[in-house]
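Numbering (the working numbering), first residue to last: 119 to 519.
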């Protein structure tokens, strides 16, 4: 005789949200003689999966026993055929539930504990009219395989009941460019904009990015509610090391470019200032191009001719003009190089990232327990060099690298 029972563990889920939860009862599943315990276990697994959906309120075994006698249980809940629909509906009404899950276990190959084909036929009935709201047939080669298939089978069983009940999900990931999948379907790459409209219930969320450990998580979407999931991706040690080496080069290039920009701009300003000084600000400033040119205009091409104090104003003007043009040309080149270096520096800084971003994920050697301590690092010897300077002296340079 079948006993109407659920797992003694609490099978009442928390009622979240404003929408009332439908009540569902899961009696012991019908099973071949000698396999009743397996039917009890499978009904408990199904009840647990319904509870995990957080969309139903599952009654306890004790509540069922109070309402129905064992004989009544046998008459009303002992089968899953269409003819049992009205009887099951009466039992469900007495229990005060909206839905009833009935099941029949069929095991082939005798009474061997495991390792043989087995099927589970489940039906979801409406408490009001006994109508069938859903059904599914699970086939497996062993009991363990059957249990693994139950979560998916439960979703199939209640699929029609959940139709029309939708919620929304917002997914945030700490990495950009990661592929986001919901139930195996790609929904976009991070950062995801907006919310994802999903059917109420559990969904498999998976985030993948090359070089990072893939994340997979079961998320639950409540009807007419917005859920949010924040995920943090962890890089592999090899990726972290490669990333740091690459970003270190980019950061070095950024600083070198910035230095070149400063030198180029500084040289441009210095040479321009020197060229302006040689050109002169007044025709009355000796030693400037404007002064020498004015002397030529006045006809004083050679001053103090034939004496040691002879001054050739034309030659001086020509030399000053050549010097000014040379300094201006070099300043323009230096300024162009400085501008290009500045642009390159900005590009390196913008295109690069912090080299130490994933440093904590790099592989580090850990000494074995009780092993000898790692040898102390040998202090780096300072690099010493000498730069000869005019006058026979030397400028000594030292530093550590």
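By construction, the Cβ of each residue, glycine as well, lies at the ideal position given by its N, Cα and C atoms. Please read all numbers here as calculations on a predicted model, not as lab measurements.
| said: Bridge partners for residue 524 per DSSP, in chain order? | reply: In the structure as shown, the chain begins at 119 and stops at 519. Residue 524 is therefore absent and cannot be evaluated.
| Nearest candidate by alpha-carbon position, reference residue 144, set 159, 165, 419 and 157 | 165
| request: For residue 410, name the three-state secondary structure that DSSP assigns. | output: helix
| Taking one C-beta from the segment 285-295 and one from the segment 348-355 each time, how about it: are there three or more such pairs within less than 8 Å? | The answer is yes - the segment 348-355 touches the segment 285-295, with three or more Cβ pairs under 8 Å.
| message | In the DSSP output, what is residue 449 paired with across the bridge? | response | Its beta-bridge partners do not exist; DSSP assigns none.
| task | Please classify residue 151: does DSSP put it in a helix, a strand, or coil? | result | coil
| message | Between the segment 460-467 and the segment 369-381, can you find at least three pairs of beta-carbon atoms closer than 8 Å? | response | Touching, per the Cβ criterion.
| query | What's the call for residue 416, buried or exposed, on a 16-neighbour Cβ count within 10 Å? | reply | exposed
| In whole angstroms, what separates the C-alpha of residue 242 from that of residue 349? | 36 Å
| request: Apply the 10 Å Cβ neighbour rule to residue 361 and answer buried if 16 or more other Cβ atoms are within range, or exposed otherwise. | output: Residue 361 is buried by the Cβ-count criterion.
| query | If you check the beta carbons only, do residue 147 and residue 223 fall under 8 Å apart? | reply | yes
| field | Whole-angstrom distance between residue 453 and residue 445, CA atom to CA atom | value | 12 Å
| request: Ignore the nearest five residues each way along the sequence and tell me which others in residue 254's own chain have a CB closer than 6 Å to its CB. | output: 240, 271, 274 and 275
| said: Considering just the uninterrupted stretch of the alpha helix (DSSP H) at residue 274, what are its terminal residues? | reply: 261-275
| task | Determine the burial state of residue 363: buried for a count of at least 16 other Cβ atoms within 10 Å of its Cβ, exposed for fewer. | result | exposed
| query | Got a sec, what are the start and stop residues for the beta strand (DSSP E) residue 253 sits in? | reply | 250-258
| said: Could you tell me which whole beta strand (DSSP E) segments of length 3 or greater appear in the segment 389-438? | reply: Within the segment 389-438, no run of beta strand (DSSP E) at least 3 residues long lies entirely inside it.
| query | Can you name the residues that DSSP bridges to residue 289? | reply | Beta bridge pairing from DSSP links residue 289 with 347.
| query | With 16 other CB atoms within 10 Å as the buried threshold, where does residue 478 fall? | reply | exposed
| query | If you scan the segment 331-387 from start to end, which runs of the beta strand (DSSP E) of 3 or more residues do you find wholly inside it? | reply | Runs of the beta strand (DSSP E) spanning 3 or more residues and lying entirely within the segment 331-387 occur at 333-339 and 344-349, in chain order.
| Leaving out the 5 sequence neighbours to the left and right, which residues in its chain are closer than 8 Å to residue 200 when beta-carbon positions are compared? | The predicted position of residue 200 is uncertain, since its pLDDT is 48 and thus under 50; a value taken from the coordinates is nonetheless stated next. Once the five neighbours on either side are set aside, the close Cβ partners of residue 200 are 250.
| field | Opening and closing residue of the beta strand (DSSP E) in which residue 171 lies | value | Segment: none, residue 171 is in no beta strand (DSSP E) and carries neither H nor E.
| request: Could you have a look at residue 281 and say whether DSSP puts it in helix, strand or coil? | output: coil
| Member of 297, 405, 339 and 346 whose CA lies at the smallest distance from the CA of residue 329 | The shortest Cα separation from residue 329 among 297, 405, 339 and 346 belongs to 297.
| Cβ pair residue 374, residue 448 closer than 8 Å | no
| Short check: CB of residue 469 to CB of residue 368, under 8 Å? | For the 8 Å CB-CB criterion, residue 469 and residue 368 form a contact.
| message | Taking contact to mean 3 or more Cβ pairs, one atom from each stretch, closer than 8 Å, check whether the segment 404-414 and the segment 431-438 are in contact. | response | yes
| By the 10 Å Cβ neighbour count, where 16 or more other Cβ atoms means buried, how is residue 420 classified, buried or exposed? | exposed
| request: Would you identify the three-state DSSP class for residue 477, choosing helix, strand or coil? | output: Reduced to three states, the DSSP call for residue 477 is helix.
| Where the beta strand (DSSP E) through residue 324 begins and ends | 319-326
| task | Give me the Cβ distance between residue 289 and residue 344, rounded to the nearest whole Å; I'm assuming they're in contact under 8 Å. | result | The pair is not a contact, with the Cβ atoms about 12 Å apart (cut-off 8 Å).
| query | According to the neighbour-count rule (16 or more other Cβ atoms, all chains shown, within 10 Å of its Cβ), is residue 320 buried or exposed? | reply | buried
| query | Between the C-alpha atoms of residue 473 and residue 331, what's the straight-line distance to the nearest angstrom? | reply | 20 Å
| query | Any C-beta of chain C sitting closer than 8 Å to the C-beta of residue 330? | reply | In the displayed structure, chain C is absent; only one protein chain is listed.
| query | Using the rule of at least 16 other Cβ atoms within 10 Å of the residue's Cβ for burial, across every protein chain shown, is residue 327 buried or exposed? | reply | buried
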